[in-house]
Amino acid sequence: MKRFVVIALVMFLVASSAFAERLFDYRGVFSADRGDDAKITNYILLKKGSQIRFEIEEQGHGATDKVRVARVQLTSDTTINFAEEAGITSLTLTETGIYEIALVPAAGVSGEIRFVLKVVETTGETASPDQPAATVLTSEKESASAAALITPAASDALPAVISDSTSIASSVDVASDVASAAAILLPANAVASAVENVLGTTTSPIESATPITASEAAAFNAIGTGPVLSAPQPGYFLNPFVGFKFTADSINLMAEADRQRQIKIYNMLVDGSQSPVAGSFFSPEPDVLMFLPQAVIPGAIYYLDTFDAAGNKASSYQIAAMPELSISFKPADSELLLISVSWSPRSELLANPAGQVLALTNCDVGFSADGTRLFQLNSEQILQPFGSHERINWRARPYSLELEMPLALIASECNVEIFAALDGAAAKTSAYRAAWHKPTEPGVDDFSDVEASDDQIYEKAKEEFSIQPFTAREQLPDNASFTLEKSFLLVDNEADSLLSWPQDVVWDENGSLWVLDSQLRRVSNFNTAGILRTSFGSRGDTPGGFGLPVALTQKNSTLFVSDTARHAIHKFTTDGLFVVSIFSESDTGVVIDLPGGICFRKDEMWVADRGTARILCFNQQGGFLGSFGSTPSAPIESPVSVRADQDSLFILEKNGLVKKFSPMGQFDATFQSGSSDGSGLEVDRWGGVWVCDAGLFRVLRFSRKGATLSELKAPPAPKPWLPTSIAVRSDGKVAVTDAANKMLHIFSAAE
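Just so we're aligned, residue 12 is where the sequence shown starts under the working numbering, counting upward by one.
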């Protein structure tokens, strides 16, 4: 009788699915020409005590037995694993962690199989009479210590009364199902504990027995108290490259619908209505959820409301985006220099502090003359309508700060620097910088017209538009130094400059430069003189349109662009003609979630996908070739870029780690680049590994073992540079995109 009660109790706890939360969906394909060892693996963070059910459907045909879950294993402890030759349909987890789920095709099934795996968490309820008993598996670690194998026989089947804290006198007749019930494998202490919990006594006491009770409803898909905004911190401007960071227990497991329901992000429009902010959610680590806007509006106020599981507002936040500032100088007379710090109002937003930035809160303004710091206005002083200090007067107005400085304080040069509290920085950092040079002879123009014939003008234009030939270098020493050769603007008008964010750069095989601007949704080609040769791209969800393009690569006469917002890879000709897009729902049968860095190794195209934390491989036609992800010895976390040489793949993670793998996914080595915000990665032909560190405003070159070889010197520019990507040509020229100054800088290796 005791044995029967244990069986009935386990069926009561596990077999029902009145409350089910879908944690994970995966669409996959087993190709028709697969080998006997064909296998697809996925990784998912699961919580201790969760009761998990696996549902597999053939696309377009419903439930199928053509594909089965063969093994589930905890990546951090391989002794915790579940295996069933006939396929695992449900299990109860004994530890929290990232589990590897291995799927295989059923034996004897031929042809292509397109399937959907659904991972569902269930909570117990009294089973109905016609509900089949579930197969409950425990880990190898548990069963090795002590386990009882209970195979019920039909003769044991009797009506049972199950009692717990929430339901009493629930009669369950399981006679029709017990005869065919699968074996139930439970640890011995769990069996004894269950008997004690139901009958109130056991034949012998068991130390530390834990009663089996119905698990609580999963909080994975609805955060009870509501998500908490942990970045940006109050008083800090939004970092457009990082976005918003929310924390809560198991928030990374929230379904997309619950994310949208419990987190509202919007701007206030001029008519007082709310404008939802478009963007993407992703989870770089447990208990963390990030939101990356498709576009950040300079000077806008972002509202963030969070709600609990019941729909009640839990908290509200207001975060400002740094406005795009303009600093100008104008001598008012022979004694005063007028300095204006201004920014353009956003006509689409509410024209008050609830809609956009009207004053430079959380900013300081520093003044220097001839290399000597005169003084610095703090944010409290700036917010005053007017003021005076050390003969410098200022007046604050909406969208501007006007200052007067005596020319007598300046011998030759005046510098103005804006310090802002930007998310991620320990203190206010230099965000804008401008200089004014005192004329040596007032009224004299240093520039004059130069006469030139039409032929000279034509030849000059032809020379500037052309691509200069170059020769590959055979050697580049580890201690090679690099000097700035040229810098040029990537935008030619103020409107584009306000939005521009140059995100990636690659050298064309002909020696020109392809630059991707993620905010302008534009791909442009320049020669090394900075002359724009061609440009294409637009925002939209139509074929060829960009959501949020973040990386590109070039092969032969073709360009490939990874689009984070559209979860796709777009293919274009170098003339800007759209060819095709690779989506998760396309014929590739692969999940593309948040694609980032992209590169070629021979004829293979490799993509770093942050959403799945995997490295994907395609051919030039977009056909899926395979992928690899985390292993216990080499976890892959939030990969932002990937580069390749003949023998290896190099992966840059957001945390600054550089990891080296073989093309088969075998881990080789790793080193810390010291980056606080890894954004760009490059591997040169001489053994150097380059990392752009946007957080620390630097570009470093490492050896393949992680030794620092050199650092590029920050180029002179109006603002401190913000390097986002890097490309190295075979002759040693180094191109770096600078998002802060909307520029591209070219360095050359010293001979």
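Backbone N, C-alpha and C fix where the C-beta goes; we use that ideal spot for every residue, glycine too.
None of the values given here were measured: they were computed from a predicted structure.
message: By alpha-carbon positions, which one of P643, S546, S659 and K724 ends up nearest to R91?
response: The sequence shown places Ile at residue 91, rather than the Arg named in the question. Of the listed residues, the one whose Cα sits closest to I91 is P643.
field: Top-ranked residue by Cα proximity to G667, from G634, F713 and R406
entry: Nearest of G634, F713 and R406 to G667, Cα basis: F713.
field: Supposed close pair V78, A117 - CB separation, criterion 8 Å
entry: With a contact defined as Cβ atoms closer than 8 Å, V78 and A117 qualify at about 7 Å.
- request: Please check the pair D319 and T236, which I expect to be a contact at CB under 8 Å, by giving their CB distance rounded to whole angstroms.
  value: About 6 Å; that satisfies the 8 Å criterion.
query: Considering E496, what are the terminal residues of the beta strand (DSSP E) in which it resides?
result: That run of the beta strand (DSSP E) goes F493 to L500.
message: If you reduce the DSSP assignment to three classes, tell me which class R270 lands in.
response: Three-state result, R270: helix.
query: Can you pull the DSSP bridge partners for Q657?
result: For Q657, which the question treats as bridged, DSSP gives no partner whatsoever.
task: Please look up how many angstroms separate the CB atoms of G767 and F481, rounded, as I've assumed it's under 8 Å.
output: Outside the shown range of the chain, which is 12 to 762, sits residue 767, and nothing can be said about it.
query: Does the Cβ-Cβ distance between V534 and V572 come in under 8 Å?
result: The Cβ atoms of V534 and V572 lie closer than 8 Å to each other.
Residue of A655, Q632, L723 and Y313 minimising C-alpha distance to T494: Checked all of A655, Q632, L723 and Y313; the closest Cα to T494 is L723.
- prompt: What is the rounded straight-line gap between the Cα of P364 and the Cα of S759?
  reply: If I take the Cα positions, the gap works out to 47 Å.
- request: Quick one: give me the first and last residue of the beta strand (DSSP E) that I737 is part of.
  value: That run of the beta strand (DSSP E) goes P734 to V739.
- request: Could you tell me which of W617, G73 and N630 sits nearest to G640, measuring between CA atoms?
  value: For G640, the closest of W617, G73 and N630 by C-alpha to C-alpha distance is W617.
- request: Could you tell me the distance, in whole angstroms, from the CA atom of Y247 to the CA atom of A268?
  value: Rounded to whole angstroms, Y247 and A268 show a C-alpha spacing of 29 Å.
query: Could you give the residue range of the beta strand (DSSP E) that holds A619?
result: Note, A619: beta strand (DSSP E), E615 to D620.
- prompt: Would DSSP call P198 helix, strand or coil?
  reply: Below a pLDDT of 50, predicted positions are generally treated as unreliable, and P198, at 34, falls in that range; the measurement from the model is reported next regardless. Correct three-state label for P198: strand.
- request: Per DSSP, which residues does I421 bridge with? Please list them.
  value: For I421, which the question treats as bridged, DSSP gives no partner whatsoever.
- request: Return the Cβ separation of E69 and K129 in integer angstroms, given the expectation that the two are a contact with Cβ distance under 8 Å.
  value: Their Cβ separation, rounded to whole angstroms, is 13 Å, which puts E69 and K129 out of contact at 8 Å.
- prompt: For the putative contact between V651 and V710, defined by C-beta atoms under 8 Å, what is the C-beta separation to the nearest angstrom?
  reply: The C-beta distance from V651 to V710 rounds to 15 Å, too long to meet the 8 Å contact threshold.
query: Which residues mark the beginning and the end of the alpha helix (DSSP H) in which E485 is found?
result: Run containing E485: none; DSSP gives neither H nor E here.
query: When the distance is taken between beta carbons, is S291 closer than 8 Å to L605?
result: L605 is a Cβ neighbour of S291, given a cutoff of 8 Å.
query: F589 and D574: beta carbons closer than 8 Å?
result: The Cβ-Cβ distance between F589 and D574 does not fall below 8 Å.
task: In the DSSP assignment, find the unbroken alpha helix (DSSP H) run with E391 in it and report its ends.
output: That run of the alpha helix (DSSP H) goes S390 to I393.
contact_flag[the stretch 253 to 272, the stretch 299 to 315] where n(CB pairs < 8 Å) is 3 or more: The answer is yes - the stretch 299 to 315 touches the stretch 253 to 272, with three or more Cβ pairs under 8 Å.
message: Between which two residues does the alpha helix (DSSP H) holding S9 run?
response: Summary: the structure shown does not reach residue 9, with the chain confined to residues 12 through 762, and so no result is reported for it.
- prompt: Touching or not, the stretch 390 to 403 and the stretch 319 to 329, by the rule of three or more beta carbon pairs under 8 Å?
  reply: Touching, no.
task: Quick one: using the 10 Å Cβ neighbour count with 16 as the cut-off for buried, is L707 buried or exposed?
output: Classification for L707: exposed.
message: Between the alpha carbons of V127 and L369, how many angstroms are there, rounded?
response: Cα to Cα, V127 sits roughly 51 Å from L369.
message: Suppose contacts are defined by Cβ-Cβ distances below 8 Å. Is L563 in contact with D515 by that definition?
response: Going by C-beta atoms, L563 is nearer than 8 Å to D515.
- prompt: DSSP three-state call for N567: helix, strand or coil?
  reply: DSSP, reduced to helix, strand and coil, places N567 outside both helices and strands of the structure shown, so it counts as coil.
Span separating the alpha-carbon of Q486 from that of G743: Cα-Cα distance, rounded: 9 Å.
field: Selection from K671, A680, S649 and I737 that minimises the alpha carbon distance to P295
entry: Measuring from the Cα of P295, the nearest candidate turns out to be S649.
- prompt: If you drop the 5 nearest sequence neighbours on each side, which residues of the same chain put their C-beta closer than 6 Å to that of K671?
  reply: Contacts found: S659, F661, D679 and A680.
message: Check this for me: beta carbons of I429 and L336, under 8 Å apart or not?
response: In terms of Cβ geometry, I429 and L336 form a close pair [threshold 8 Å].
- prompt: If you drop the 5 nearest sequence neighbours on each side, which residues of the same chain put their C-beta closer than 6 Å to that of P356?
  reply: Excluding residues within five positions, the ones whose Cβ falls inside 6 Å are Y410.
- prompt: Taking three-plus beta-carbon pairs below 8 Å as touching, is the stretch 311 to 318 in contact with the stretch 372 to 389?
  reply: Too few Cβ pairs lie closer than 8 Å, so no.
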